[in-house]
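Visitor: Order-wise, the sequence lines are chains S, C and B. For the record, in the first sequence the residue sitting at position 36 is 33 according to the working numbering, with numbers rising by one throughout. For the record, in the second sequence the residue sitting at position 43 is 44 according to the working numbering, with numbers rising by one throughout. For the record, in the third sequence the residue sitting at position 41 is 49 according to the working numbering, with numbers rising by one throughout. After the structure tokens below, expect a handful of questions from me.
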Amino acid sequence: MKFAILVNEGPYTHQASDTAYQFTKAAIEKGHEIYRVFFYHDGVNNGTRLTVPPQDDRNIQKNWSELAAAHKLDLVVCIAAAQRRGILDEGEAKRHGKGEGAANIAPGFRISGLGQLIEMGIESDRLVVFGD
Amino acid sequence: MPLGSLRKAMLHTVNKSPFETTALQSCLAHVSKGDAVLLIEDGVFGALKGTVASGDVWSRRVDVSFFVLAPDAAARGLTKDRLIDGIGMIDYGGFVDLVAKYKASQAWL
Amino acid sequence: MTTEPAKAPAAKPAPKAPKKFLYVNRKAPYGTIYALESLEVVLIGAAFDQQVSLAFLDDGVFQLIKGQDTKGIGMKGFANTYRALGDYGVTKLYVENESLNARGLTLQDLQAITFEDEKDGFKEKPSIIPVTRAELAKVMSEQDVILSF
């Protein structure tokens, strides 16, 4: 089956991103296809490359980036939510004049519009929401 | 009970404790016969025996299948004997299976 | 460290029959961003020709109270946006009676939200559909995709 995952909360403060990650991993292990993982509201904060979490606990951003690399996942960060919260790719950083090196999107994540959320609802067999 | 032509059995997830928010209560007020409810994250406290909320879950067990995400219960020190009798304990793989089994899922946040 | 932008997926497969999308609103406005940002999804989603409806229950009914004046809190009010939903083809806003009653509200406390029915001479009709808890449960059980925020 094709699964679409919606993550509504940022890393660490809520368990949503962890649960979504464990679910996504389990779905892959069971042979399902992950159509897309969409990050909305504070969920966009999962996609910053700038976190330096303590070494003795999980690194949520790296978990997602590595899972995406291993399984060619499409991790999408909503542009509107990202702009509000300061997650930028090179294009966005340039467009908004944020200066050299401002881009902070993590590997494996891409910024796109809310249409990608609707589209994943249309194209997938199951859409699961993880939030607060 | 046969389902109406448009009605599909649903999976509901509840991730908050019933002592913190009304999410579990609201979920149970909107489930239909044949649906499943999965308690995840802090929602697993809704499966505890002997609480003021236990009756909410217990009373619906005839119509609705209840499950607890076992890793979340273990994380919170809740062993099976402390949970409502007969509640299904599943892992993340079981969670995936539930989502696949039911036509749609609704997160009560 | 340079970041490799992830590649966009390949072209979409052929379009499917419209799905029933339900947007569930259970939270009050302004204390958190969920009400506003879920509305933004609805507006974008309107372009996709799916069968869209919104459900307002629990504290979500507070999103529709008329006379919201946000000047004092320094936030942009967005109550007007609900009235634009009709223009976007979103014409079904289910409001749960029990949630209103529990909060001492009636339909008269909510703003009037209408749409022009192109199938009926563009007559103006209410978008708000008051429902009982049982009726809303039935609506929920008929959905293909349920988005909660």
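Just so it is clear, CB atoms sit at the ideal spot from N, CA and C, and this is done for glycine as well.
What residue does the beta strand (DSSP E) around Val60 of chain B start on, and which one ends it?
Guide: If you number the third sequence from 1, residue 60 of chain B lands on position 52. Where Val60 of chain B is concerned, the enclosing beta strand (DSSP E) stretches over 59 to 64.
Visitor: Taking three-plus beta-carbon pairs below 8 Å as touching, is the stretch 13 to 26 of chain C in contact with the stretch 37 to 55 of chain C?
Guide: Touching, yes, given that three or more Cβ pairs across the two stretches are closer than 8 Å.
Visitor: Taking only the alpha-carbon atoms, compute the straight-line gap between Val34 of chain S and Gly129 of chain B and give it to the nearest angstrom.
Guide: Here the question's residue 34 of chain S lines up with position 37 in the first sequence. Here the question's residue 129 of chain B lines up with position 121 in the third sequence. Val34 of chain S and Gly129 of chain B have their C-alpha atoms roughly 42 Å apart.
Visitor: Looking at Phe64 of chain B and Glu104 of chain B, is the spacing between their C-beta atoms short of 8 Å?
Guide: As a position in the third sequence, residue 104 of chain B is number 96, starting the count at 1. As a position in the third sequence, residue 64 of chain B is number 56, starting the count at 1. It is a contact, given that the beta carbons lie within the stated cut-off.
Visitor: I'd like to check one pair, Ala78 of chain S with Val41 of chain S: are the Cβ atoms closer than 8 Å?
Guide: Taking the first sequence and counting its residues from 1, one reaches residue 41 of chain S at position 44. Taking the first sequence and counting its residues from 1, one reaches residue 78 of chain S at position 81. Yes, the pair counts as a contact, with Cβ atoms nearer than the cut-off.
Visitor: Using 10 angstroms around the beta-carbon of Met148 of chain B, count the other beta-carbons present and answer buried if the total reaches 16, otherwise exposed.
Guide: Within the third sequence, residue 148 of chain B is the residue found at index 140, counting from 1. Classification of Met148 of chain B: buried, given that the 10 Å Cβ count is 16 or more.
Visitor: For Arg46 of chain S, does the three-state DSSP call read helix, strand or coil?
Guide: As a first step, residue 46 of chain S must be located in the first sequence, where it is residue number 49. Of the three classes helix, strand and coil, the one that applies to Arg46 of chain S here is coil, per DSSP.
Visitor: Please list, in chain order, the residues of the stretch 36 to 68 of chain S that have any C-beta partner in chain B closer than 8 Å.
Guide: So the close ones are Tyr37, His38, Arg46, Ala65.
Visitor: Counting contacts by CB-CB distance shorter than 8 Å, is Leu110 of chain C in contact with chain B?
Guide: Counting from 1 along the second sequence, the entry for residue 110 of chain C is found at position 109. Judged by the 8 Å Cβ criterion, Leu110 of chain C is in contact with chain B.
Visitor: Thinking just about the alpha-carbon of each residue, which of B:Lys84, B:Phe86, B:Ile52 is nearest to the one in Gly97 of chain B?
Guide: Reading the third sequence from its first residue, position 89 is the one you call residue 97 of chain B. That would be B:Ile52, whose Cα lies nearest to the Cα of Gly97 of chain B.
Visitor: Please check the pair Ala32 of chain B and Leu108 of chain B, which I expect to be a contact at CB under 8 Å, by giving their CB distance rounded to whole angstroms.
Guide: Locating residue 32 of chain B in the third sequence gives position 24, where the first residue counts as 1. Locating residue 108 of chain B in the third sequence gives position 100, where the first residue counts as 1. Note on residue identity: the sequence assigns Val, not Ala, to residue 32 of chain B. Rounded, the Cβ-Cβ distance is 16 Å, inconsistent with contact.
Visitor: Apart from the five residues on each side of it in sequence, which residues of its chain come closer than 6 Å, Cβ to Cβ, to His29 of chain S?
Guide: As a working note, residue 29 of chain S is residue 32 in the first sequence. Result list for His29 of chain S: Met(-2), Phe0, in chain order.
Visitor: Give the single residue among S:Tyr32, S:Glu89, S:Val125 whose Cα lies nearest to the Cα of Asp71 of chain S.
Guide: Taking the first sequence and counting its residues from 1, one reaches residue 71 of chain S at position 74. Nearest Cα to Asp71 of chain S within the set S:Tyr32, S:Glu89, S:Val125: S:Tyr32.
Visitor: Under 8 Å: do the stretch 88 to 95 of chain S and the stretch 47 to 57 of chain S share three or more Cβ pairs, one atom per stretch?
Guide: no
Visitor: Run down chain C in chain order and give the residues with a C-beta less than 8 Å from the C-beta of Gly128 of chain S.
Guide: Here the question's residue 128 of chain S lines up with position 131 in the first sequence. Simply Asn16, Ala108, Leu110.
Visitor: Once DSSP output is grouped into helix, strand and coil, what is the label at Asn33 of chain B?
Guide: For the purposes of this step, residue 33 of chain B is identified with residue 25 of the third sequence, where counting begins at 1. Three-state DSSP puts Asn33 of chain B in a strand.
Visitor: Hey, Ser14 of chain S and Glu26 of chain S: beta-carbon distance below 8 Å or not?
Guide: On the first sequence, residue 14 of chain S is found 17 positions in, with the first residue counted as 1. On the first sequence, residue 26 of chain S is found 29 positions in, with the first residue counted as 1. Going by C-beta atoms, Ser14 of chain S is not nearer than 8 Å to Glu26 of chain S.
Visitor: Would you please verify whether the beta carbon of Met2 of chain C is less than 8 Å from any beta carbon of chain B?
Guide: Here residue 2 of chain C refers to the residue found at position 1 when the second sequence is read from its first residue. Confidence in Met2 of chain C is poor, its pLDDT being 42 and thus under 50, which makes the residue's placement too unreliable to answer from.
Visitor: The beta strand (DSSP E) spanning His31 of chain C covers which residue range?
Guide: Residue numbering aside, residue 31 of chain C sits at position 30 when the second sequence is read from its first letter. Per DSSP, His31 of chain C lies in no beta strand (DSSP E); the unbroken alpha helix (DSSP H) holding it starts and ends at 24 to 31.
Visitor: Any beta-carbon of chain B closer than 8 Å to the one on Met90 of chain C?
Guide: Translated into the one-based positions of the second sequence, residue 90 of chain C becomes position 89. Not one chain B Cβ lies under 8 Å of Met90 of chain C.
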